[in-house]
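Undergrad: Protein chains in written order, with the working numbering: chain A, 1 to 502; chain B, 1001 to 1186. In this text, a Cβ means the ideal position worked out from N, Cα and C, and glycines have one as well. Keep in mind it's a predicted model, so treat the numbers as computed, not measured.
1. What do you reckon, are the CB atoms on residue 231(A) and residue 210(A) nearer than 9 Å?
2. I'd like the list of long-range same chain contacts for residue 299(A), defined as Cβ closer than 6 Å, with 5 residues on each side in sequence excluded.
3. Beta-carbon of residue 341(A) versus every beta-carbon of chain B: anything under 9 Å?
4. Could you tell me whether any Cβ in chain B is nearer than 9 Å to the Cβ of residue 289(A)?
5. What is the DSSP secondary structure of residue 237(A), reduced to helix, strand or coil?
6. Determine the direct distance from the alpha carbon of residue 74(A) to that of residue 1147(B), and round the result to whole angstroms.
7. Can you give me the start and stop residues for the beta strand (DSSP E) that residue 378(A) sits inside?
8. Rounding to the nearest angstrom, what Cα-Cα distance links residue 1068(B) and residue 1175(B) in this structure?
9. Can you give me, in chain order, the residues of the region 24-35 of chain A that have a beta carbon less than 9 Å from any beta carbon in chain B?
10. Distance, Cα to Cα, residue 127(A) vs residue 119(A)?
11. Confirm, please, whether the CB-CB distance from residue 177(A) to residue 514(A) is below 9 Å.
12. Tell me whether residue 1116(B) is buried or exposed, calling it buried when 16 or more other Cβ atoms sit within 10 Å of its Cβ.
13. Of all the options 116(A), 142(A) and 186(A), which has the alpha carbon lying nearest to the alpha carbon of residue 155(A)?
14. Check whether chain B comes within 9 Å of residue 191(A), counting only Cβ atoms and requiring the distance to be less than that.
15. What in chain A is Cβ-close to residue 1183(B), meaning under 7 Å?
16. Is there at least one Cβ from chain B nearer than 9 Å to residue 106(A)'s Cβ?
17. CA-CA distance, residue 339(A) and residue 444(A)?
18. Out of 229(A), 195(A) and 19(A), point me to the one whose CA is closest to residue 208(A)'s CA.
19. For residue 361(A) and residue 422(A), I'd like the C-alpha separation in whole angstroms.
20. Along the chain, where does the beta strand (DSSP E) that runs through residue 343(A) open and close?
21. State the DSSP-derived secondary structure class of residue 1091(B), mapped to helix, strand or coil.
22. Which residues mark the beginning and the end of the beta strand (DSSP E) in which residue 90(A) is found?
23. In or out: residue 1016(B) buried (at least 16 other Cβ within 10 Å) or exposed?
24. I want to see whether chain B comes within less than 9 Å of residue 18(A), judged by CB atoms only; does it?
25. Taking 9 Å as the cut-off, decide whether the C-beta atoms of residue 28(A) and residue 1172(B) are in contact.
26. Check residue 243(A) in the structure and name its three-state DSSP category.
27. Report the rounded CA-to-CA distance for residue 1150(B) versus residue 348(A), giving the unit in angstroms.
28. Between the region 1146-1168 of chain B and chain A, which residues of the former have a C-beta closer than 7 Å to a C-beta of the latter?
29. In this structure, does DSSP put residue 249(A) in helix, strand or coil?
30. Ordered along the chain, which non-local residues of its own chain (more than five positions away) have a Cβ less than 7 Å from that of residue 471(A)?
31. Once you ignore the five residues that flank residue 1165(B) on each side, which residues in its own chain have a CB closer than 7 Å to its CB?
32. Does the CB of residue 1092(B) have a neighbour CB from chain A at under 9 Å?
33. Scan the region 125-161 of chain A and note each continuous alpha helix (DSSP H) run of 4 residues or more that stays entirely inside, going in chain order.
34. Ignore the nearest five residues each way along the sequence and tell me which others in residue 1167(B)'s own chain have a CB closer than 6 Å to its CB.
35. Could you give the distance in angstroms between the alpha-carbon of residue 220(A) and the alpha-carbon of residue 1127(B)?
36. When the Cα atoms are used, what is the spatial distance from residue 520(A) to residue 426(A)?
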C-alpha cells in the first residue's frame, strides 16, 4: 500500500533509507522491483567488497574466482554509484603493487565522494598469521598507498574520519601532503612504513583519538613529539622491531603486546585501562626457551610493582599476560593501586618448581579497591604433584582483610600446593566475597605453543584438591569448583557409586 | 456497551492536561484525540517541536489530517515509551571500545514495539514518522522493513510490499546483466 502511493508522497528518502540498511548485494537486487526502485541503491552508504562475495556465486567446476573478478566488480559498482553520501568504502582482497591504477582510482572515489571511512585490507593473511609467521617469502611488493593524491586540493583528506590499512606500503611525499586533519581513527596492519614517515603522518592527524598498529616490522620506534591531545586509545601489537615508544599524549586505554620495552607518555595520569601481553620474541619455540631465556625476563608480579604499571596511579583495569620463568623477587616497596578494580593475570608458567603462586597474594595488599580478580594459569608440563596432607602443612600468610573483592576466577588449577595456599589465602582475607570460581581446566595458551595437551588427570586432581581443601574451608558458600563432574551409576550389587569425568 | 477506547482515554487525560500543560493534544484524520508528553513530542519530532515553539498547538486537539488514528496511536505510544525508557548502557557510556558504530541499532523495546505491528500498520507508521519528522522512529521502522526484505527474492518482496513491476522483460534482463553478481541465486 505504502509503496503504491509513493509517487504522490515525498517518500523517496524513506525508501532510500530502507535500501541503505540492506547489504550492498541486496540493495542492488531491489533495482529490479520497479522503476521507482531502480536507482535507489546508487546512494548506498556502505560499500564493502570481499573476495568471498564472489566465491559464493561460483558454481561447481567453473574457473576459480580471482582478484581480477573482484576488481571488475568494484569498478562496475563504483561506476554506477551516485558518489554521494558514502560512509564506508572497504576492499578486502589480496591485491598488491600490480594493480595500482585500480586501487588509486578507488581511493580517489573515496576522496571525491567524501567518504568518512576507508578500509583497504590487501592481504589474504589474517592478523594471527601475520603476527606468528610474518612476511611470507616470495610475496609480491605491497601496494603503495597514494598519499600524494591527498594533497591535490586542500579539502582532499578532510572528510576522512577513519582510515584502516593493511598490507600496503606508506610513503609520504616530500611535499604537498595535507594529512588527514579530521581523522579520528587510524589503524595499520602489516604496513611498510618508516619511523620518520609515521611520525610525520601523526603530526598531521591532530584529531586522532585511536591509533592501532600491528605487525609493522619496519618500525623500530613509535614516536610522536608534537602533541596528540585527542589521542586516548593506543594499541600496539606484535611490531617485533619496536624498541621504544615515546608519545606526546595522555591515554585512557593502552594495549600492548610484544617484548618488554620502555613505554613513555607525556602523562599517564589519565591511563585507566591497560592490557599488556609480554613475550620474548628472540626464541621462536617458547617451549625450549627456558634454556635460552633472556636475562630481562621478570615475573608478572615484579613487573606490576616495579615496571611500567607501577607508575600508573589511576589504573582501574589491568590485564597482564606474561611468561613466568622465575620466582618473584620480594617486593622492594609497596605500590598502591588505589583505583584498581579489575585485575586479570595470564601466567604462562614455564618455571615449574621455581615459581610460587602464593607470591601473588601480595596483590591484595597493593590493590585495596580490587573488586574482580582473574588468575589464568597455563603450565608447562613438569612434575605434576597434586597436594596431599602428607606433603606437609599448608603455608599461611598474615591475615589482612580485603573489603572490596567480590569475584574471583581462577583457571588452570591443578591442585598444586602453592595454588591451594593462594586460593585459601584469598578466600580467608576477602570479607565481601560473593563468588570464587575455581576451574581446573586451562583456558589460556602461550601464543606459539600448541604442543601441550592436558590429560584428564590434571583436571581431576585439580577438581578433587579444590573441593577437598578450598571448598571445605568455605564458610559462606561462595566457592564453585568447575571442570569436572560426578557421574552416578548403580553397580551390579544395587549400590550407588560414582566417578568423576572432566 | 462498547466504548471507543482511544477517545475515552484521551478525554480522561485531557481533564488532567487542562490542569497541567505538560502535554499536547493531537487529532487524527478521523477525529480521534491523543495526549502526548510535550517534552517527548518536541524531542522526537521536528515538526511537533516547530509547532510547539511557534504556538500553533490547539488545546482542543491539533489537527493532523494526514495521519489515521491507528498510526497516531502508535506514534503517541512510541513517544510515551521513549520518554520512559532508560537509554541502554551502550549509548551512554563513553565507550572504551575502539569501534565506532555508524548506525544506532534499535533498542530491545523499540524492536518489540515494531515487531508487534501488522504490515499495514508498520507502513502507516513509517508515513506518519516521515510526516512528523521523527528521525529516530523512522530509523527504527526502516530498520524493521529492511529486515523484512532480507533473504527474499524480488518476487517475494513485490508480493509483501505490494509493488507493481513496471519493467519490460528486456529492461529487467539488462539490469540483471549489468550487475549479475547480485542476482546469481535467483
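TA: In terms of the structure at hand:
1. As a working note, residue 231(A) is residue 231 in the first chain. As a working note, residue 210(A) is residue 210 in the first chain. Yes, Cβ-Cβ distance for residue 231(A) and residue 210(A) is below 9 Å.
2. As a first step, residue 299(A) must be located in the first chain, where it is residue number 299. So the qualifying residues of the chain are 324 and 328.
3. To locate residue 341(A), count along the first chain from 1; it is residue 341. Output row for residue 341(A): interface = no.
4. The count along the first chain starts at 1 and reaches residue 289(A) at position 289. No answer about residue 289(A) holds up, because its pLDDT of 49 lies below 50 and its placement is not dependable.
5. For this step, residue 237(A) is matched to residue 237 along the first chain. The answer is strand: DSSP assigns residue 237(A) an E or B state.
6. Position 147 of the second chain, counted from the start, is the residue given in the question as residue 1147(B). Position 74 of the first chain, counted from the start, is the residue given in the question as residue 74(A). Residue 1147(B) and residue 74(A): Cα-Cα distance of roughly 25 Å.
7. What you label residue 378(A) is simply residue 378 of the first chain in a count that begins at 1. Residues 372-379.
8. For the purposes of this step, residue 1068(B) is identified with residue 68 of the second chain, where counting begins at 1. For the purposes of this step, residue 1175(B) is identified with residue 175 of the second chain, where counting begins at 1. Going by the C-alpha atoms only, they are around 38 Å apart.
9. 24, 25, 26, 27, 28, 29, 30, 31, 32, 33, 34 and 35
10. Within the first chain, numbered from 1, the residue matching residue 127(A) stands at position 127. Within the first chain, numbered from 1, the residue matching residue 119(A) stands at position 119. Whole-angstrom Cα-Cα distance: 15 Å.
11. This structure gives no information on residue 514(A), because the portion of chain A shown stretches from 1 to 502.
12. Sequence index remark: in the second chain, residue 1116(B) carries index 116 (1-based). Exposed: under 16 other Cβ atoms inside 10 Å.
13. Start at 1 with the first residue of the first chain, and residue 155(A) comes out as number 155. Checking every option, the nearest Cα to that of residue 155(A) belongs to 116(A).
14. Counting from 1 along the first chain, the entry for residue 191(A) is found at position 191. No, its Cβ sits nowhere closer than 9 Å to a Cβ of chain B.
15. Counted from its first residue, the second chain places residue 1183(B) at position 183. Under the 7 Å cutoff, chain A gives 29.
16. As a first step, residue 106(A) is located in the first chain; it is residue number 106 there, counting from the start. So, not an interface residue.
17. The sequence position of residue 339(A) within the first chain is 339, counting from 1. The sequence position of residue 444(A) within the first chain is 444, counting from 1. Each residue's alpha carbon lies about 27 Å from the other.
18. In the first chain, residue 208(A) corresponds to position 208, counting from 1. Looking at the Cα atoms, 229(A) is the closest of the given residues.
19. On the first chain, residue 361(A) is found 361 positions in, with the first residue counted as 1. On the first chain, residue 422(A) is found 422 positions in, with the first residue counted as 1. Their backbone Cα atoms lie some 6 Å apart in a straight line.
20. On the first chain, residue 343(A) is found 343 positions in, with the first residue counted as 1. Counting along the chain, the beta strand (DSSP E) containing residue 343(A) begins and ends at 342-349.
21. Position 91 of the second chain holds residue 1091(B). With a pLDDT of only 43 at residue 1091(B), under the threshold of 50, the placement of this residue in the model should not be trusted, and no figure is reported.
22. Working through the first chain from its first residue, we reach residue 90(A) at position 90. Segment 88-92, the beta strand (DSSP E) holding residue 90(A).
23. Your numbering for residue 1016(B) matches position 16 in the second chain. Residue placement at residue 1016(B) is poorly supported in this model, since its pLDDT is 47, which falls under 50; the coordinates are not used for a value here.
24. Position 18 of the first chain, counted from the start, is the residue given in the question as residue 18(A). Yes, contact with chain B.
25. For the purposes of this step, residue 28(A) is taken as the residue at position 28 of the first chain. For the purposes of this step, residue 1172(B) is taken as the residue at position 172 of the second chain. Going by C-beta atoms, residue 28(A) is not nearer than 9 Å to residue 1172(B).
26. The residue given as residue 243(A) occupies position 243 in the first chain. Coil, per DSSP.
27. Here residue 1150(B) refers to the residue found at position 150 of the second chain. Here residue 348(A) refers to the residue found at position 348 of the first chain. So the alpha carbons of these two residues sit roughly 46 Å apart.
28. 1146, 1149, 1150, 1154, 1157, 1158, 1161, 1162, 1163, 1164, 1165, 1166 and 1167
29. Position 249 of the first chain, counting from 1, holds the residue named residue 249(A). Correct three-state label for residue 249(A): strand.
30. As a first step, residue 471(A) must be located in the first chain, where it is residue number 471. Here the set comprises 479 and 481.
31. Within the second chain, numbered from 1, the residue matching residue 1165(B) stands at position 165. Correct list, in chain order: 1158.
32. Counted from its first residue, the second chain places residue 1092(B) at position 92. Caution applies to residue 1092(B), whose pLDDT of 39 falls short of 50 and renders its modelled position unreliable; the model cannot decide the point.
33. 127-132
34. By one-based count along the second chain, residue 1167(B) stands at place 167. Correct list: empty, nothing qualifies.
35. On the first chain, residue 220(A) is found 220 positions in, with the first residue counted as 1. On the second chain, residue 1127(B) is found 127 positions in, with the first residue counted as 1. Their Cα atoms are separated by approximately 58 Å.
36. Absent from the structure is residue 520(A), since the part of chain A shown begins at 1 and ends at 502.
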